[in-house]
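A.B. asks: First, the structure itself, so that you have it in front of you.
Numbering (the working numbering), first residue to last: 2 to 177.
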C-alpha cells in the first residue's frame with residue numbers, strides 16, 4: 002500500500018467519525034431510546050412510591066392515634082361468654098330494624114386471633130328488599146355495637162316479587 006497523503010487521512014478520519022455517529026444514532030433510535038424511556042418511567046414510579054411511603058412514615062403519630070381510637074371502640078366479650086351468640090343477637094336486631102328477614106345465622110368454623118383481638122365469621126341467610134338490604138349492611142358496618150365487615154355477599158331473586166334472597170359472611174372483631 003502506498004502512503005496516504007495528509008488530506009486522504011483527514012477525509013478517512015472524518016468519514017470514520019460520521020460512520021460511527023450514524024451507527025450510534027441508529028442504535029439510539031432502534032434500541033436505546035425505548036430502553037431509556039422505560040427506565041425513566043420506572044424511575045418516576047419508584048420515586049412516587051418512595052415519596053408516598055416517606056409521607057406515611059412522617060404521619061405515623063396520626064396513624065397510631067387513629068388506630069387507638071378505632072381499637073378503643075372494639076367491644077370486649079368476657080372469656081366465659083360465647084362470642085357468636087352476642088353477634089347473632091346484634092345482627093338479628095339490626096336486621097329486624099331494617100326490615101330484613103334473617104332465616105339462619107351460623108357461626109363460621111374459622112376463628113382467628115390477631116394480636117389481642119379475635120375474629121369470628123357469621124354465615125347469614127337473609128331475605129329482603131334491595132333498599133332494606135343496603136340499609137342493613139350500612140348500619141352493620143357503621144354500628145357502635147360491634148365491628149362488622151361483609152366479606153362475601155350472594156343474592157338471587159326472591160320468591161316474592163320485589164324481594165331478594167341470599168347469604169353473606171360477616172367478619173366480627175372483638176377483644177377478650
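Glycine included, C-beta positions come from ideal geometry on N, C-alpha and C.
Helix, strand or coil: how does DSSP classify residue 103 here?
C.D. replies: Locating residue 103 in the chain shown gives position 102, where the first residue counts as 1. Reduced to three states, the DSSP call for residue 103 is strand.
A.B. asks: Determine, using beta carbons only, whether residue 165 and residue 141 come nearer to each other than 8 Å.
C.D. replies: Position 164 of the chain shown, counted from the start, is the residue given in the question as residue 165. Position 140 of the chain shown, counted from the start, is the residue given in the question as residue 141. Contact: no.
A.B. asks: Mind checking residue 176: buried by the 16 CB within 10 Å criterion, or exposed?
C.D. replies: Counting from one through the chain shown, the residue named residue 176 turns up at place 175. Looking at its Cβ environment, which holds fewer than 16 other Cβ atoms inside 10 Å, residue 176 is exposed.
A.B. asks: Less than 8 Å separating the beta-carbons of residue 136 and residue 168?
C.D. replies: Here residue 136 corresponds to residue number 135 of the chain shown, with the count starting at 1. Here residue 168 corresponds to residue number 167 of the chain shown, with the count starting at 1. No, these two residues do not count as a Cβ contact at 8 Å.
A.B. asks: Go ahead and pull the three-state DSSP assignment for residue 15.
C.D. replies: Numbered from its first residue, the chain shown carries residue 15 at position 14. DSSP, reduced to helix, strand and coil, places residue 15 within a helical segment of the structure shown.
A.B. asks: Going along the chain, which residues of its own chain have a beta-carbon closer than 8 Å to the beta-carbon of residue 74, five neighbours each way excluded?
C.D. replies: By 1-based counting over the chain shown, the position of residue 74 is 73. Once the five neighbours on either side are set aside, the close Cβ partners of residue 74 are 145 and 148.
A.B. asks: How many whole angstroms separate the CB atoms of residue 174 and residue 118, which I take to be in contact at a CB cut-off of 8 Å?
C.D. replies: Position 173 of the chain shown, counted from the first residue, corresponds to residue 174. Position 117 of the chain shown, counted from the first residue, corresponds to residue 118. Right, the Cβ-Cβ distance comes to about 6 Å (below 8 Å), so this counts as a contact.
A.B. asks: By Cβ distance, which residues of its chain are closer than 8 Å to residue 17, with the 5 residues on each side in sequence left out?
C.D. replies: Along the chain shown, read from residue 1 onward, the residue named residue 17 stands at position 16. The answer is none, since no qualifying residue turns up.
A.B. asks: Nearest to residue 87 by CA position, among 108, 67 and 99, is which residue?
C.D. replies: On the chain shown, position 86 is the one that residue 87 refers to. Answer by Cα proximity: 108.
A.B. asks: According to the neighbour-count rule (16 or more other Cβ atoms, all chains shown, within 10 Å of its Cβ), is residue 128 buried or exposed?
C.D. replies: Counting from 1 along the chain shown, the entry for residue 128 is found at position 127. Buried.
A.B. asks: Is residue 148 helix, strand or coil by DSSP?
C.D. replies: Translated into the one-based positions of the chain shown, residue 148 becomes position 147. Reduced to three states, the DSSP call for residue 148 is strand.
A.B. asks: Is DSSP giving residue 41 helix, strand or coil here?
C.D. replies: Numbered from 1 along the chain shown, position 40 holds the residue referred to as residue 41. Helix.
A.B. asks: Which of the three DSSP states, helix, strand or coil, is assigned to residue 91?
C.D. replies: As a position in the chain shown, residue 91 is number 90, starting the count at 1. Note: residue 91 maps to helix in three-state DSSP.
A.B. asks: Which one or two residues does DSSP pair with residue 108 in a beta bridge?
C.D. replies: Counting from one through the chain shown, the residue named residue 108 turns up at place 107. BP columns for residue 108 point to 123.
A.B. asks: Going by DSSP, name the residue or residues bridged to residue 128.
C.D. replies: Mapped onto the chain shown, residue 128 falls at position 127. Per DSSP, 102 and 166.
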